[in-house]
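In our numbering, the protein residues as written are 24 to 1230. Written below as C-alpha cells is the structure these notes are about.
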Amino acid sequence: MTGAEWEFWIDRGGTFTDIVARTPDGELRTHKLLSENPERYRDAAVQGIREMLGLSDGDPLPQGAIRAVKMGTTVATNALLERKGEPTLLLITEGFRDLLLIGYQTRPRLFDLAIRRPDLLYSEVAEVPERLDAEGATVHPLDEAAARAALQAAFDKGYRAVAIAFLHAYLNPAHEARVAEIAEEIGFTQISASHRVSRLAKLVGRGDTTVVDAYLSPILRRYVEQVAGALDVGQGGAERLLFMQSSGGLTDARLFQGKDAILSGPAGGIVGMVKTAQAAGHEKLIGFDMGGTSTDVSHYAGEYERSFETEVAGVRMRAPMMDIHTVAAGGGSILSFRDGRFQVGPESAGANPGPACYRRGGPLTVTDCNVMLGKLNPAHFPAVFGPEGNQPLDAAIVREKFIRLAEEIAAETGQPAMAPEAVAEGFLRIAVDNMANAIKKISVQRGHDVTRYTLQCFGGAGGQHACLVADALGMEKVFLHPFAGVLSAYGMGLAEIRALRERQLDLPLSALPEAQAAQAELAADARAEVAAQGVPEAEIRIEARAHLRYEGSHQSLEVPFGTVPEMTRAFEAAHRARFGFVSPERDLFFEMVGVEAIGETGEAPAPILPGADGGQEAGQDAGQAGVIPVTFGGVRHDTPVLRRETLPAGTRVTGPAIITEATGTNVVEPGWAAEVDGFGNLVLERIEAKARPPAAGTEADPVLLEVFNNLFMSVADQMGATLANTSWSVNIKERLDFSCAIFDAAGDLVANAPHVPVHLGSMSDSIKTVMRENAGTIRDGDAFMLNSPYNGGTHLPDVTVVTPVFVEGQIRFWLGSRGHHADIGGRTPGSAPPDSTRIEEEGVLIDNVRLVSQGVLQEALVEEVLSSGRYPCRNIAQNMADLKAQVAANETGRRELLKVVETFGAEVVIAYMGHVQDNAEESVRRVIERLKDGSFVYPMDHGAEIRVKVSVDADAREAVIDFTGTSAQHAGNLNAPSAVCRAVVLYVFRTMVGAEIPLNEGCLKPLRIVIPDGSMLNPRYPAAVISGNTEVSQATCNALYGALGVIAGSQGTMNNFVWGNEAFQNYETIAGGTGAGPGFDGCDAVQTHMTNTRSTDPEILEKRFPVRLEHFGIRPGSGGAGRWRGGNGVIRRLRFLEPVTVTTLCSHRRVPPFGAEGGAPGAVGEDFVELPDGSRRKVAGFAEVEVPAGGLFEMRTPGGGGWGRLG
C-alpha cells in the first residue's frame, strides 16, 4: 500500500449507509448518510466516499487514491423483500412444476383461515422431460428438443434469466449442464443451474436457492457495475471492489452472486463482532444487534456458525449463510395493551412515523420507554427531529401518552392507574424477555451455557438494553466496541476473502478415502478461487469440515475433518453437548463435507482511544456532561451522563450511569460497572449479585401476565426443540408430528407448543390418568408413558410421556411430550390398518407404564411392553430412541421450570398458571359475544354423520357445543376419542380469536362440550381408533365451521398414506385444498386444519427409501367454484422399487367437501394403483393394497369448497 491510499468499508443498509474509512495515515473515520436520497445522489456508498474525500459534485476521483472498497449491501435483500427482481423462468424436472410452490405442504401460520403464501419469485415454469435416480443414474434421458423449445418460447417473451433445477442434479449435473449450454446458445444472460448454486441434497431448498440466484443476480450485477463505474475500479480510481457474502467472507465484485447476497450486511456485523472481541480477549460471544425494527442474535464459540438451510422472506435457502436469528423486537416495536396483557410488537413504527418522541405523531414504542425512564434524555441526544430537523426528542408527548395508556389499563383491569414510569418499565421488561428468548433459541436450546459468554452488543439501540438482556440470561459481561453503532461496516474491513465449497456424500464414516478425495477436490477448487483474487498461495489457509450423523438420524453435526477416531471423538463431544447423550453402538455417516479457503487479507482491529491516560473513576474531569434523573427498577436515581469519546483507557464507571456517543447511548444499570479497556472498548461487568426481583404478589398483574405467558411458552418451546433434536423418528424430527406442554398441579393445560393442532389440549386427560392411577406412589425422577385412546390418548402411534415436577417434596407441575412413533405394532406396517375393528389390531396399547423410576430408565420393562400383544412393535430400538428423546424433552422442561420457580417463588408461579388460563378464557368469551346459534349435519363417506349444535348465551358469554345425534361408535376404526373432539373445539375457537393468545385450559372454560358416550366421538373399549385422530378430527372440524358459518369445507381428510414392509415403513399425510371464506379464496395444496405436518423432500425420500416420486403437483379444477374459489388439491404419483403394503385412510372419496353461501363443493379425492404391466384400477379411500416392485400408487386429494354464488 502506498502512502496516499484510502480504504472504505461500507454497510449499505435499508435506511442508512454506514462508512468506516481508513485514511492514508491510518486514522479511522466514520460517516453515515441516508441510503435513499435520489434528489441529492444516485448511490449512497459512492456519495459517502466522495464526501469523505472532500470532492464536490463533478470532481473526478483522484487517481490511485483508493486501495480498496469493501462493502455489504441490502440491494439484493430489498429486491427480494419487495419482489422486484429479474423476471425469471424456472425449468424443472417433468412432474414437479408446482414443487416450489407447494414446498413442504405446511401453512405459514397455524391458525390463519385465509392462508397466504409468500409470492413466488419465478414468473413462468416449464417442465423438462428427464430423470435421474437417487444414485445419479439416468432413468429417462434428457429431451433436449423439449428443453430448447421451452427456453426459446420464454426468450421470445422477453425472459433473459433462467433457473434450472432437476432432481438429483447435485449427484450428476449432466442434464442441467446441457440445458445451461442450450440457454446460453439461445441468448439468456443469467443462467443459474442448481448444481452450480448448491451441491447439496433437497430439491425444494436447492431449487429455491437457484431461483433466488437467477432472480437477484442481474439486479446485483447492475448495481455492482454502477458502483464500479462511479469509482473507476481498475481504471485508475479504486484499485479493488469487494463485497461481503452471506457466509462471512469477502469476494471480488465480479464473483458476487444473488444467492450469496441475502445476509451481506449482517454478515459483516458478525465478522466485526468476532474480530473486535477476540482482539480484546473474549472468545465466547453472543451477538446482540438491536436496530429499529428487529434484533439479530448470533452465537460464536471459536468458529463461525453457518446454517445450510435458512428461510428468508418466505424463500428456502440451501447455501451456507451466517446463522443469525431475527426477532421482531427493536427500538421501534409498538407497545399495546391487548387482551388484558402488555404486548410489545411484532408491529413496528418504522422510520416513518417512528416512535412517539420523533415528533411525527408515531405510537409509543420501546424507544419511548427509555425516554419515559430518562435513559434517553433530549438534552443528550442529537436534535434532528421536527419539520426542520433541528428539534430534540419530545419527552412531553411521551409522558402524555404513557399517562393516557395507564388510564386505559386501569379502566380495563379495574386496578389503580400505574405511574407512567411503571408502565414503561413493564413494557421494557417484556421487550427484554422477547430478545432473551431469541438468544436462548440459538444458545441454550443447542446446549450452550451462556452464563460464561460475553454479550457483544452493537446496532443503534443495543447499548440501551445490554445490561437488562444480560441479566435476563444470567450473563455477567457485556462488550461495546467504539464503533458498535457501525460495526457491520467496520467488519467489512476486518474480513478475509473466503471461498466455500460443499458436497453431499451420504457415506459411512468408514468410507474415509472417498471423503478425502472429495475434500481434496473441493479444497483445490476453493483455493483457486481465492488465489485468482490476488491472494498469494502462502497466505491462503484451508479449513475442512465434516458434517456427521448417526445412521438412521437426520440431524448432522459439524466437526473438523480428520481421521476416523478424531472425527468420532469430536462428534460425540458435540452430540453430548447438544443433546445430552451419545449412542456409540450406532454407526456414523458423512452427510456432507465442506471446505473453506481463507485469504488472510483482513485488517487487525486497531485501538480507538482518546489521548489521555486513564486509571481513575469517572468524574467531572473524565467527561461528565451532567446529572439527570433516571428510573431504574422503580427507583429514581440522579445519574451521571458521560461522553464516551472523553473517557481514556482504564476509566471505570460504576452504575447507574449513562454513557453517550455519536452512534448510540449506553446504559450502565445499577449493580454493573463499565471500564474502558486498552482498545477503547467499553466492557461492562456485573459487580453485585443480581437481586431477586421484588416479591411479586399472587394477584394478576398485566405486566407479569405477559412475562409469565412468554416464560411458559418459552419452556414448552425448549422442550420441543430438545425432542426434535434428539428423536429418531422422521415423523417427529422432520414432519414435526409432536407436541410439548406444561400443566398445573391439577393436570390442566398451561402452555402448549403444538406443531399439529390435533394435539391441542388433548394431553390433559393423559396427565390426569397418571395422577389418578398412581396416586401416592409417584416419586421425584419418575416418568410414565401411555397411548390409550380411552385415557386421554388420540391413536396408538401417538405416545405420551408424562413427568411430574417436584418442588420441596410436592408435585407442583406436570410436563407432557407426545410424539408420533413410526410404528407401534399392529396388523400393518406403520400401525394404520384400514379395516381394523378392535384396538389390538392397531398396535400395542400402553396404559400407564412407569417408563422411568427415580431417574432410572426401566428399559427391560418397556421393551417387554413394546413386544407384547398380538401385533408387537416392529422396530423397538427406534421406539426406545424416541421415548428417550421424550424423556429428555421433559427433563428440559423440568430444569427450566425450576429456574422460573427459583426466580419468582413457587406460589407466584402457581398463581400465574391460573392467571394465564383466566386471560385465555376472557379472549374466548369475547369471541362468543359475536356468535349466533347454529347447527350442521356432516355426512361422511361410510354413511355416518357428525351432528353439532352451537347454542350461545350472549349474556353469560358462554356457549354449548353439543354433538348429540352424532352416529354411534363405528364398527371399523372411524372413532375419535373425546380428547380429539376437545382439540378440534379448541382449534376452531382459537382461529376465530384472530390474535395471539395463550393456548391453555382457559380457552375451554366458557365452552361446554357435550359428547355422547358410545358415539364415534367418544368410543368405548375396545373400539378401533386409528382414523379418529386424522379423518374424524378433520370431519368434526369442518362440521363445527359449518355450524358457525365461518368457512366452507376444506379437504376434510389427512389423506393418510402408509407404505412399507418388514424392512422399512413410512407414513405421509398429503395436502389438499382449503375452503374459501367471505373475502378470500381457499389455498391450493396445503395441510389443512388439524394437521400441519411437513412432507419429506423428494430427494431425501428417494435416498432413504426404495421409491421414485414421479409427480407431485396441484390438481387443477378441484377447488369448488364460487365468488371466492375453494383451494385445489394435489396429484401425487409414487412408484415402488420393492414390494410394499400400501395402506390408505382417506375421506371425501364419495361425499364432496361442502360449499357455503351458494358456493360449489370441492372435488372428491381419488386413488389408483398402476401395476408394472400398465393396468390401472381405482381403490377405495380406506384400502390395503399389495403393490409389487415397479407398481405405482396415485393419489388425487380433494379440493376445498367455494364461498358465495358466482356472479
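Glycine included, every Cβ here is placed at the ideal spot set by N, Cα and C.
If residue i sits next to residue j, beta carbons under 8 Å apart, how far is it from one beta carbon to the other, in whole angstroms?
i     : j     : result
C763  : G878  : With 8 Å as the limit, C763 and G878 do not qualify as a contact, their Cβ atoms being about 20 Å apart.
E619  : E566  : 5 Å
A300  : A99   : That belief does not hold up - the Cβ atoms of A300 and A99 are roughly 28 Å apart, past 8 Å.
F502  : L478  : 7 Å
A1183 : G1225 : 5 Å
I862  : A1047 : 6 Å
Relative to the C-alpha of residue i, which residue among the options is closest?
i     : options                 : result
P652  : E722, N393, E574, G804  : N393
I710  : V726, P693, G271, R245  : P693
N775  : S840, F836, V971        : S840
A999  : T817, Y1090, L428, S811 : T817
I347  : A714, N871, D724, D319  : D319
G617  : A342, V828, L880        : A342
F702  : A442, A303, F766        : A303
G1145 : R948, G1178, K922       : G1178
V473  : F655, L308, L226, S579  : L308
T129  : G1225, D417, T1092      : T1092
A512  : E930, W837, A68, G337   : A68
L997  : V1055, E945, M1015      : V1055
N649  : V664, G656, P241, E914  : With the sequence shown as reference, residue 649 is identified as Gly, and Asn is not the correct amino acid for it. Cα-wise, what sits closest to G649 is V664.
D724  : R802, N195, M441, D529  : M441
P164  : F134, D964, N195, D255  : N195
V699  : A712, A714, I682        : I682
T17   : V781, S270, C896        : Past the edges of the chain, shown from 24 to 1230, lies residue 17, and the structure says nothing about it.
A593  : L571, R609, R45, L190   : L571
Near residue i, which residues of its chain fall below 6 Å by C-beta distance, leaving aside the five closest residues on each side in sequence?
i     : result
D636  : With a pLDDT of only 43 at D636, under 50, the local geometry of the prediction cannot be trusted, and the value read off the model is given with reservation. Counting only Cβ-Cβ distances below 6 Å, and skipping sequence neighbours, we find P671.
R1228 : G1181
Q639  : No answer about Q639 holds up, because its pLDDT of 49 lies below 50 and its placement is not dependable.
D34   : D41, G95, G288, G291, S511, A512
Y145  : T111, L113, V234
Beta-carbon within less than 7 Å of residue i's beta-carbon, same chain only, minus the 5 sequence neighbours each way: which residues are those?
i    : result
P253 : Strictly speaking, residue 253 in this sequence is Ala, with Pro absent from that position. Closer than 7 Å at the Cβ level, and outside the excluded window around A253, lie D66, V69.
V250 : D66, A68, V69, L264
A12  : What is shown of the chain runs 24 to 1230, which leaves residue 12 out entirely.
Q414 : R382, A406, F408
Which residues in the same chain as residue i place their Cβ atom closer than 8 Å to its Cβ, once the five residues preceding and following it in sequence are excluded?
i    : result
N457 : V350, A352, V367, G368, N733
Q: Output the residue ranges of the beta strand (DSSP E) runs that lie fully inside the stretch 349-399 and measure 3 residues or longer, sorted by chain position.
A: Whole beta strand (DSSP E) segments, 3+ residues: 356-361, 364-371.
Q) If we count Cβ pairs, one from each stretch, closer than 8 Å, do we get three or more for the stretch 1037-1044 versus the stretch 992-1007? A) Flag = yes, the stretch 1037-1044 and the stretch 992-1007 touch.
Q: Give a yes or no on contact between the stretch 1117-1126 and the stretch 1205-1216, applying the rule of three or more CB pairs nearer than 8 Å.
A: Too few Cβ pairs lie closer than 8 Å, so no.
Q: Could you tell me whether the stretch 1066-1073 touches the stretch 1090-1102, using the rule of 3 or more Cβ pairs below 8 Å?
A: Result yes; three or more Cβ-Cβ pairs closer than 8 Å.
Q) Does the stretch 670-688 come close enough to the stretch 598-614 to have 3 or more Cβ pairs within less than 8 Å? A) Touching, no, given that fewer than three Cβ pairs across the two stretches are closer than 8 Å.
(Q) For the stretch 1023-1040 against the stretch 104-112, do three or more pairs of beta-carbon atoms, one drawn from each stretch, fall closer than 8 Å, so that the two count as touching? (A) Touching, no, given that fewer than three Cβ pairs across the two stretches are closer than 8 Å.
Q) Between the stretch 847-864 and the stretch 1159-1179, do three or more beta carbon pairs fall short of 8 Å? A) Yes, since at least three Cβ pairs between the stretch 847-864 and the stretch 1159-1179 fall closer than 8 Å, the two stretches touch.
Q | Contact the stretch 881-896 vs the stretch 1182-1200: 3+ CB pairs below 8 Å | A | Output reads no: the stretch 1182-1200 does not touch the stretch 881-896.
Q) What runs of the alpha helix (DSSP H), each 4 residues or longer, lie entirely inside the stretch 970-1019? A) Listed in chain order, the complete alpha helix (DSSP H) runs (minimum 4 residues) inside the stretch 970-1019 are 1001-1016.
**Q.** Residue ranges of each beta strand (DSSP E) within the stretch 758-791, 3 or longer
**A.** As far as the stretch 758-791 is concerned, its whole beta strand (DSSP E) runs of at least 3 residues are 761-767, 772-777.
Q | Three-pair Cβ contact test at 8 Å for the stretch 106-126 versus the stretch 166-175 | A | At 8 Å Cβ cutoff, the stretches touch.
Q. At a cut of 8 Å, does the stretch 58-69 reach the stretch 34-45 through at least three beta carbon pairs?
A. Counting C-beta pairs with one atom in each stretch, the stretch 58-69 and the stretch 34-45 have three or more that are closer than 8 Å, which means they touch.
Q: Mind listing, in chain order, the continuous alpha helix (DSSP H) runs of no fewer than 4 residues lying wholly within the stretch 105-149?
A: You should have 122-125.
Q.
Contact between the stretch 76-92 and the stretch 257-271 is defined here as three or more beta-carbon pairs at a separation below 8 Å; is this criterion met?
A. Between the stretch 76-92 and the stretch 257-271 there are three or more inter-stretch CB-CB distances shorter than 8 Å, so the stretches are counted as touching.
Q. Within the chosen definition, does the stretch 819-839 reach the stretch 895-915 through at least 3 CB pairs nearer than 8 Å?
A. The answer is yes - the stretch 895-915 touches the stretch 819-839, with three or more Cβ pairs under 8 Å.
Q. Taking contact to mean at least 3 C-beta pairs separated by less than 8 Å, is the stretch 972-986 in contact with the stretch 948-962?
A. Contact holds: three or more Cβ-Cβ distances are below 8 Å.
**Q.** In chain order, each alpha helix (DSSP H) run of at least 4 residues that lies wholly inside the stretch 412-457
**A.** Along the length of the stretch 412-457, whole alpha helix (DSSP H) runs at least 4 residues long occupy 418-436, reported in chain order.
Q. Just checking, does the stretch 463-471 make contact with the stretch 361-375 on the three C-beta pairs under 8 Å criterion?
A. No: fewer than three Cβ pairs fall under 8 Å.
Q) Can you find at least 3 beta carbon pairs, one from the stretch 571-588 and one from the stretch 488-508, that sit closer than 8 Å? A) These segments do not touch.
Q) For the stretch 181-213, which segments carrying the alpha helix (DSSP H) assignment without a break, of at least 4 residues, lie completely within its bounds, in sequence order? A) Listed in chain order, they are 197-209.
Q | Segments of 4+ residues assigned as alpha helix (DSSP H) that fall wholly inside the stretch 780-861 | A | Runs found: 787-796.
Q. Residue ranges of each beta strand (DSSP E) run of no fewer than 3 residues wholly in the stretch 301-354, ordered along the chain?
A. As far as the stretch 301-354 is concerned, its whole beta strand (DSSP E) runs of at least 3 residues are 307-313, 318-324, 333-335, 338-340, 348-350.
**Q.** Any 3 or more C-beta pairs closer than 8 Å across the stretch 439-454 and the stretch 409-428
**A.** Contact between the stretch 439-454 and the stretch 409-428 is present, because at least three Cβ pairs lie under 8 Å.
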